[in-house]
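A.B. asks: Per the UniProt record's numbering: the sequence shown = residues 1 to 698. All C-beta atoms, glycine included, are put in the ideal place defined by N, C-alpha and C. Starting off with a structure, shown below.
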Amino acid sequence: MEALQETEEVGQTPEDADSLNISDFLDDLEADVAVEEASVLSDVPGFDWSSIDTSHLPSSYKTNSRQEKELLQLADHFLEQYTHLCPDRKPLFVHPANECGVQKFVSTTLRPTLLPFPELYYWSGCASFVCDYLIMEPLKCPITLPSSLYSPTTILKYQRGNCFDFTVLLCSLLLGAGYDAYCVHGYATREMCSLDQTQEVCPLLRKPPEVPEEEDPNKYRIKYPSEPQSKFELQQKAKKEEETEPGQEEEREEEVVTEVEKPKRDPLHGLRVHAWVLVLSGKRKVPETFFINPFTGNYHSTTDESFLGIESIWNHRNYWVNMQDCRKGCKDLSFDLSDSICWEIMFSESNEPSQLPTESPKQDTDDMEKEEIDMSFEMPLSWVARIKVSYREYENPFSQGKKVILYNKSKLEKWAAYANGDGLVERLTVYADSDCTEEVEVKEWFKHREDLLYMREVNKQTQLITDYFRPGHPLHIKAHSYTSLEPETGHTVEYYHTARVDGLWKRFESATEMTEYFEGREDFLHTRHIELGEREKKMQMAGIGTDANPRPIVQIKEYFHRNPEKPADEDIEERIFMVIDDIIQLTYHLEVHDTIASKVVFCRVIGREKREDEIFLSRENSVTYQPWSSEKHRNLLHLYNLLWELRAEQKLLKQQVRDSEAEMLNVLTVREDEEANIKLSVSMYNSAKRGQQHEATV
Numbered sequence: 001m002e003a004l005q006e007t008e009e010v011g012q013t014p015e016d017a018d019s020l021n022i023s024d025f026l027d028d029l030e031a032d033v034a035v036e037e038a039s040v041l042s043d044v045p046g047f048d049w050s051s052i053d054t055s056h057l058p059s060s061y062k063t064n065s066r067q068e069k070e071l072l073q074l075a076d077h078f079l080e081q082y083t084h085l086c087p088d089r090k091p092l093f094v095h096p097a098n099e100c101g102v103q104k105f106v107s108t109t110l111r112p113t114l115l116p117f118p119e120l121y122y123w124s125g126c127a128s129f130v131c132d133y134l135i136m137e138p139l140k141c142p143i144t145l146p147s148s149l150y151s152p153t154t155i156l157k158y159q160r161g162n163c164f165d166f167t168v169l170l171c172s173l174l175l176g177a178g179y180d181a182y183c184v185h186g187y188a189t190r191e192m193c194s195l196d197q198t199q200e201v202c203p204l205l206r207k208p209p210e211v212p213e214e215e216d217p218n219k220y221r222i223k224y225p226s227e228p229q230s231k232f233e234l235q236q237k238a239k240k241e242e243e244t245e246p247g248q249e250e251e252r253e254e255e256v257v258t259e260v261e262k263p264k265r266d267p268l269h270g271l272r273v274h275a276w277v278l279v280l281s282g283k284r285k286v287p288e289t290f291f292i293n294p295f296t297g298n299y300h301s302t303t304d305e306s307f308l309g310i311e312s313i314w315n316h317r318n319y320w321v322n323m324q325d326c327r328k329g330c331k332d333l334s335f336d337l338s339d340s341i342c343w344e345i346m347f348s349e350s351n352e353p354s355q356l357p358t359e360s361p362k363q364d365t366d367d368m369e370k371e372e373i374d375m376s377f378e379m380p381l382s383w384v385a386r387i388k389v390s391y392r393e394y395e396n397p398f399s400q401g402k403k404v405i406l407y408n409k410s411k412l413e414k415w416a417a418y419a420n421g422d423g424l425v426e427r428l429t430v431y432a433d434s435d436c437t438e439e440v441e442v443k444e445w446f447k448h449r450e451d452l453l454y455m456r457e458v459n460k461q462t463q464l465i466t467d468y469f470r471p472g473h474p475l476h477i478k479a480h481s482y483t484s485l486e487p488e489t490g491h492t493v494e495y496y497h498t499a500r501v502d503g504l505w506k507r508f509e510s511a512t513e514m515t516e517y518f519e520g521r522e523d524f525l526h527t528r529h530i531e532l533g534e535r536e537k538k539m540q541m542a543g544i545g546t547d548a549n550p551r552p553i554v555q556i557k558e559y560f561h562r563n564p565e566k567p568a569d570e571d572i573e574e575r576i577f578m579v580i581d582d583i584i585q586l587t588y589h590l591e592v593h594d595t596i597a598s599k600v601v602f603c604r605v606i607g608r609e610k611r612e613d614e615i616f617l618s619r620e621n622s623v624t625y626q627p628w629s630s631e632k633h634r635n636l637l638h639l640y641n642l643l644w645e646l647r648a649e650q651k652l653l654k655q656q657v658r659d660s661e662a663e664m665l666n667v668l669t670v671r672e673d674e675e676a677n678i679k680l681s682v683s684m685y686n687s688a689k690r691g692q693q694h695e696a697t698v
């Protein structure tokens with residue numbers, strides 16, 4: 001028997017081997033499909049579409065009008081020609097049954113609607129609403145078309161559906177908003193069909209593309225020689241790189257080991273049925289044609305490799321079959337629907353017959369006349385009732401309370417407005433590993449807060465918190481970075497400087513220093529740095545507060561921009577007030593041709609007791625170096641007047657420092673109170689929410 005089996009194996013032909021390989025592949029394919037179907041059935045066990053109540057639906061859902069029956073006959077005739085002339089093509093999605101079991105043409109299932117919400121006038125708002133409002137249900141069989149297509153009103157009512165349901169609802173909203181939108185029946189990757197985004201980077205973390213710097217158009221510009229480099233140093237650097245290469249290779253190997261595993265090969269690649277939206281350029285000033293994935297609401301280029309092919313597209317007026325080769329995906333497809341070679345239209349927009357290719361040119365004229373049926377037809381109105389979404393439904397799109405989306409090393413959570421007491425609507429958590437166990441950063445977005453807080457960033461490694469505010473805060477705060485709301489623990493506050501009189505846009509304060517940054521001041525001041533000393537320990541031991549025991553001011557530095565109206569040797573660039581040492585130092589700006597700046601230093605006279613409001617000036621306590629100045633700047637009287645002005649400025653600066661400390665304390669007190677008593681504002685047009693708020697206060 002063994003010898004007989006060996007002779008039989010030797011006698012196999014290549015054709016037999018190929019047929020066995022094909023049959024094995026088909027068996028594996030059927031097994032994969034069966035596994036997919038079983039997983040789909042286990043994913044959504046709690047909802048049964050066959051048990052929905054259809055008794056209240058209008059008569060248009062349960063019957064077909066005369067015009068709709070004619071439409072179905074013409075569609076059947078088109079399908080007969082299509083299957084006869086293209087027997088190798090997959091079935092088209094033309095007239096599935098609706099929720100009442102009545103066959104309806106897919107174009108009539110679209111109901112162009114413009115909802116009364118400003119965000120839904122744009123494609124991005126429509127796409128985000130659909131993907132947030134509906135729960136995704138995978139197709140029962142990933143490689144076959146669904147047997148039914150429910151109306152958008154039913155899908156909105158139960159807030160769930162498959163890719164075709166998502167697409168029809170989104171396309172209806174886009175058509176109502178004036179876009180040239182189409183539903184697409186085609187094929188996509190496993191990740192797109194199953195809404196698996198664990199291999200993708202979160203859109204909120206994607207960096208914008210860098211704009212290349214434009215070259216200087218002036219070709220006559222002088223090109224200066226580059227800095228000379230030592231050949232010996234370059235050789236030494238190359239040797240060091242060669243020595244460190246083995247270590248770098250080991251690190252690279254470790255990175256390869258820790259790299260996220262790529263998805264396994266999909267046995268159903270190219271066979272998975274998917275539906276999405278096509279938006280053609282032209283209307284609504286759309287610059288280029290693009291796709292919208294209804295599950296995510298994301299924009300995709302028509303050359304995206306996730307889209308593997310297109311069978312047909314349709315809108316509320318007509319139906320087109322793709323006649324182009326999709327072996328390379330959709331990147332080479334033409335979307336000129338007027339091209340009859342690329343797209344076969346079902347209903348001619350003129351009185352011309354259908355342009356489907358004939359089987360042979362040598363046919364009798366009688367047969368040709370029979371086949372040339374006039375396919376021009378006016379599409380009947382949609383059988384779907386008016387699409388309605390209430391304000392309450394629009395503001396609370398998540399049927400399960402919130403939505404969680406998993407990305408590569410990150411997780412995005414979404415809530416409806418007013419769902420959380422602190423106004424939280426989105427949270428993005430970034431992780432260091434693919435298993436999402438070690439948190440690196442957390443970003444939170446808020447809405448309707450009376451303190452105008454709209455975003456918060458938390459660095460989990462440094463515990464640094466940064467709050468961002470919209471314009472209109474009573475303290476004009478733009479951003480606040482801190483690790484604790486306790487004073488003198490390191491705070492950085494940014495302001496809307498145009499709303500302040502002093503032009504302050506940023507202030508940093510710690511226990512030992514304070515730095516302030518200004519913009520748009522008339523005195524050209526742009527930076528002020530204050531060094532602070534430690535408080536007296538005796539006063540702290542006695543329990544005296546910080547107001548009565550302020551930190552001593554050690555030094556104040558101020559930096560100024562160039563004032564073009566003054567000569568350079570009279571325009572101060574930097575001035576330093578060493579308060580404890582009683583030294584004042586001035587540094588002036590440079591002219592274009594100058595190399596050394598002019599300086600003036602006023603020092604305390606050694607051995608002389610300092611008296612308040614006394615100015616003692618002599619050659620001993622003043623040092624001037626003004627090589628480019630005139631004789632008047634070397635006059636002792638001029639220096640005396642300058643020192644008098646600086647003493648007055650020093651007093652004002654010390655008071656301003658105390659005011660800045662008090663302002664920082666006030667900011668921390670206000671922020672602590674706002675976080676302890678969070679209040680959400682309600683629009684005067686939101687009557688439902690105002691009623692709930694009134695009931696809560698009564």
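Find the nearest neighbour of residue 713 within the set F307, D336 and V201, judged by alpha-carbon distance.
C.D. replies: This structure cannot settle anything about residue 713, because the visible part of the chain is limited to 1 through 698.
A.B. asks: Quick one: what does DSSP say T303 is sitting in, helix, strand or coil?
C.D. replies: coil
A.B. asks: Buried or exposed for A238, going by 16 or more other Cβ atoms inside 10 Å?
C.D. replies: exposed
A.B. asks: Identify every residue that forms a DSSP beta bridge with F518.
C.D. replies: Bridge pairing for F518: L504 [DSSP].
A.B. asks: With distances taken from CA atoms, which of E68, T296, L590 and K447 is nearest T167?
C.D. replies: T296
A.B. asks: To the nearest angstrom, how far is it from the Cα of T466 to the Cα of H269?
C.D. replies: The straight-line gap from Cα to Cα measures roughly 45 Å.
A.B. asks: Is it right to say P451 is buried, meaning 16 or more other beta carbons lie within 10 angstroms of its own, or is it exposed?
C.D. replies: Going by the sequence as given, residue 451 is Asp instead of Pro. Under this definition D451 is a buried residue.
A.B. asks: Give me the Cα-Cα distance between L680 and Q461, rounded to the nearest whole angstrom.
C.D. replies: 31 Å
A.B. asks: Identify whether E70 lies in helix, strand or coil by the three-state DSSP scheme.
C.D. replies: E70: helix per DSSP, three-state reduction.
A.B. asks: Is the beta carbon of Q159 sitting closer than 7 Å to the one on S334?
C.D. replies: no
A.B. asks: For E645, count the other beta carbons within 10 Å of its own beta carbon; 16 or more makes it buried, fewer makes it exposed. Which is it?
C.D. replies: Under this definition E645 is an exposed residue.
A.B. asks: Run through DSSP, which three-state label would Q197 get?
C.D. replies: coil
A.B. asks: Using a threshold of 7 Å, state whether the C-beta atoms of L485 and E674 are closer than that.
C.D. replies: no
A.B. asks: Please return the same chain residues whose Cβ sits closer than 7 Å to the Cβ of S683, not counting the five positions on each side in sequence.
C.D. replies: none
A.B. asks: Mind checking which residues open and close the beta strand (DSSP E) that includes D132?
C.D. replies: Looking at the DSSP string, D132 is not in any beta strand (DSSP E); the run it does join, the alpha helix (DSSP H), is W123 to Y133.
A.B. asks: Less than 6 Å between C-beta atoms, sequence neighbours within five positions excluded: which residues of the same chain meet that for T189?
C.D. replies: S306
A.B. asks: Tell me whether Q78 sits in a helix, a strand or coil according to DSSP, three-state version.
C.D. replies: Strictly speaking, residue 78 in this sequence is Phe, with Gln absent from that position. Note: F78 maps to helix in three-state DSSP.
A.B. asks: How is D467 classed by DSSP in three states: helix, strand or coil?
C.D. replies: strand
A.B. asks: So the candidates are S51, W49, P58 and F47; which of them puts its Cα closest to the Cα of W383?
C.D. replies: For the residues S51, W49, P58 and F47, the minimum Cα distance to W383 belongs to P58.
A.B. asks: Is Q229 helix, strand or coil when you go by DSSP?
C.D. replies: Assignment of Q229 by DSSP, reduced to helix, strand and coil, places it in the coil class.
A.B. asks: Please report the Cβ distance between A181 and Y121, rounded to the nearest whole angstrom; I am assuming they are in contact, meaning their Cβ atoms lie under 8 Å.
C.D. replies: About 14 Å; that fails the 8 Å criterion.
A.B. asks: Using a 10 Å radius around the Cβ and a threshold of 16 neighbouring Cβ atoms, would you call K104 buried or exposed?
C.D. replies: buried
A.B. asks: Sorted by chain position, which residues of the same chain lie with C-beta nearer than 8 Å to V670's C-beta, five sequence neighbours on each side aside?
C.D. replies: P474 and L475
A.B. asks: Let's test the definition: count the other Cβ atoms within 10 Å of the Cβ of R386 and tell me whether it reaches 16, buried, or not, exposed.
C.D. replies: exposed
A.B. asks: Assuming G423 and R456 are in contact, meaning their beta carbons sit under 8 Å apart, how far apart are those beta carbons, in whole angstroms?
C.D. replies: Not confirmed; about 11 Å, so no contact.
A.B. asks: Taking C-beta to C-beta, are G503 and R528 nearer than 7 Å?
C.D. replies: no
A.B. asks: What whole-angstrom Cβ distance do M136 and L195 have, given they're in contact under 8 Å?
C.D. replies: Contact between M136 and L195 holds, with the beta-carbon distance rounding to 5 Å and staying under 8 Å.
A.B. asks: When every heavy atom of the ligand MN is checked, does at least one fall within less than 6 Å of the C-beta of C326?
C.D. replies: Ligands in the displayed structure: none, and consequently the ligand MN is not present.
A.B. asks: Which partner residues of K403 appear in the DSSP bridge assignment?
C.D. replies: K414
A.B. asks: In whole angstroms, what separates the C-alpha of K283 from that of L175?
C.D. replies: 10 Å
A.B. asks: Please state if the CB of D132 and the CB of P397 are separated by a distance shorter than 7 Å.
C.D. replies: yes
A.B. asks: In angstroms, rounded to a whole number, what distance separates the CA positions of S51 and C100?
C.D. replies: 11 Å
A.B. asks: Would you kindly work out how many angstroms separate the C-alpha atoms of H497 and I405, rounded to a whole number?
C.D. replies: 38 Å
A.B. asks: Using CA atoms only, rank isn't needed, just tell me which of F560, K599 and I556 is closest to Q655.
C.D. replies: I556
A.B. asks: Among G161, Y418, I576 and E242, which one has its Cα closest to the Cα of P294?
C.D. replies: Considering only alpha carbons, the answer is G161.
A.B. asks: For V102, I'd like the list of residues in its chain whose CB is within less than 8 Å of its CB, leaving aside the five on either flank, ordered along the chain.
C.D. replies: Y61, K62, T63 and N64
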